[in-house]
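Structure, as structure tokens:
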Amino acid sequence: MALLFLAFKFYICSIIDSKRMSMTVLFQGNFRTKQLIGLLIVSSFAVSCGSSKNVTAKKNTTNTVAKNENLRKLDSKFDGKVSKSIDDILKDAEKYLGTPYKFAGNSSAGFDCSGFTSKVFEENDFKLPRRSADQAEAGQKIDIKDVKPGDLLFFATAGGTRVSHVGIVHDIGSDGEVKFIHASTTKGVIISSLNEKYWNKAYLHAQRVL
Numbered sequence: 252m253a254l255l256f257l258a259f260k261f262y263i264c265s266i267i268d269s270k271r272m273s274m275t276v277l278f279q280g281n282f283r284t285k286q287l288i289g290l291l292i293v294s295s296f297a298v299s300c301g302s303s304k305n306v307t308a309k310k311n312t313t314n315t316v317a318k319n320e321n322l323r324k325l326d327s328k329f330d331g332k333v334s335k336s337i338d339d340i341l342k343d344a345e346k347y348l349g350t351p352y353k354f355a356g357n358s359s360a361g362f363d364c365s366g367f368t369s370k371v372f373e374e375n376d377f378k379l380p381r382r383s384a385d386q387a388e389a390g391q392k393i394d395i396k397d398v399k400p401g402d403l404l405f406f407a408t409a410g411g412t413r414v415s416h417v418g419i420v421h422d423i424g425s426d427g428e429v430k431f432i433h434a435s436t437t438k439g440v441i442i443s444s445l446n447e448k449y450w451n452k453a454y455l456h457a458q459r460v461l
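In this note's numbering, the protein residues as written are 252 to 461.
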């Protein structure tokens, strides 16, 4: 009887030990699985942050923009000096750099694209129509190779041929690169380049109003 009791006790203890071992293995497995999932999440987050920073850095570039071989040739041959009146317009435009975008805005509190151009020209005693589509009809249409600082550039940002954006030619690079100052919807008043893919594809035509 005593031997039977000892055998039964040994059997029960072995079952308990095996259960404990199984639970330990299961716990360790779950813990390792959670660790792996956590590492994967952190890794993916780190990669996405890195990509975002790189994209942002490229978008914020204001130096000379290298032209992609697949883009249109939108260079100017201008290499002269501008008049004092145009220089004054550009200086007035520059003082608004960093001003936020504001729909229908035309003050230092915020501008939309045509509000910015009309305000800058108005400060120099030249009245432009308020809407970009109307500004596109003012003055004389000119070829891109003839543009100079102070001219207006028009864009179809939604595709097609409908004018939806306007900017003022700011300067011409030594290689003919055309840069313009404008009120963008995402960054407010900035200086951009026709060598940038987005603006190169959206460009429609140029107008000389002075």
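Just so it is clear, CB atoms sit at the ideal spot from N, CA and C, and this is done for glycine as well.
Between the options, which has its C-alpha nearest residue i's C-alpha?
| i | options | result |
| --- | --- | --- |
| I395 | T436, A384, F431 | F431 |
| L455 | G361, S334, L325 | L325 |
| S444 | F405, D343, R413 | F405 |
| A344 | S359, G411, K452, S334 | S359 |
| C364 | D376, N375, P380 | P380 |
| F327 | V333, S425, H433 | Residue 327 is actually Ser in this sequence, not Phe. Residue S425 is the option with its Cα nearest to S327. |
| K332 | Q458, I423, A457, H433 | I423 |
| H433 | G427, V316, L341, E373 | L341 |
Could you give the residue range of the alpha helix (DSSP H) that holds residue i?
| i | result |
| --- | --- |
| D233 | Since the displayed the chain opens at 252 and closes at 461, residue 233 lies outside it and no answer follows. |
| K342 | 335–345 |
| S359 | From DSSP, S359 is part of no alpha helix (DSSP H); its letter is neither H nor E. |
| A434 | Element bounds for A434: not the alpha helix (DSSP H) but the beta strand (DSSP E), 429–435. |
Would the beta-carbon of residue i fall within 9 Å of that of residue j?
| i | j | result |
| --- | --- | --- |
| L403 | A387 | yes |
| I419 | V371 | yes |
| S438 | Y347 | Reading the sequence as shown, one finds Lys at residue 438 and not Ser. Cβ atoms of K438 and Y347: not closer than 9 Å. |
| N321 | N446 | no |
| G361 | T350 | yes |
| F354 | V460 | no |
| G229 | N357 | Here the chain has residues from 252 to 461 only, and residue 229 is not among them. |
| K399 | I337 | yes |
Does any residue of chain C have a CB that is nearer than 9 Å to the CB of residue i?
| i | result |
| --- | --- |
| Q458 | No chain C is present in this structure, which holds just one protein chain. |
In the DSSP assignment, the beta strand (DSSP E) including residue i goes from what residue to what residue?
| i | result |
| --- | --- |
| Y454 | 454–459 |
| F406 | 403–406 |
| A409 | Neither: A409 is in no beta strand (DSSP E) and is coded neither H nor E. |
| S383 | It is not in any beta strand (DSSP E) - S383 instead sits in the alpha helix (DSSP H) that spans 383–386. |
| I393 | 391–393 |
May I have the straight-line CA-CA distance separating residue i from residue j, to the nearest angstrom?
| i | j | result |
| --- | --- | --- |
| D397 | S435 | 24 Å |
| R413 | Y449 | 16 Å |
| G401 | V429 | 12 Å |
| G410 | A453 | 7 Å |
| R382 | A407 | 14 Å |
| N451 | R323 | 7 Å |
| G329 | H416 | Sequence inspection shows Phe at residue 329; the Gly mentioned does not correspond to that position. Each residue's alpha carbon lies about 23 Å from the other. |
| A389 | E373 | 14 Å |
| H421 | V316 | 15 Å |
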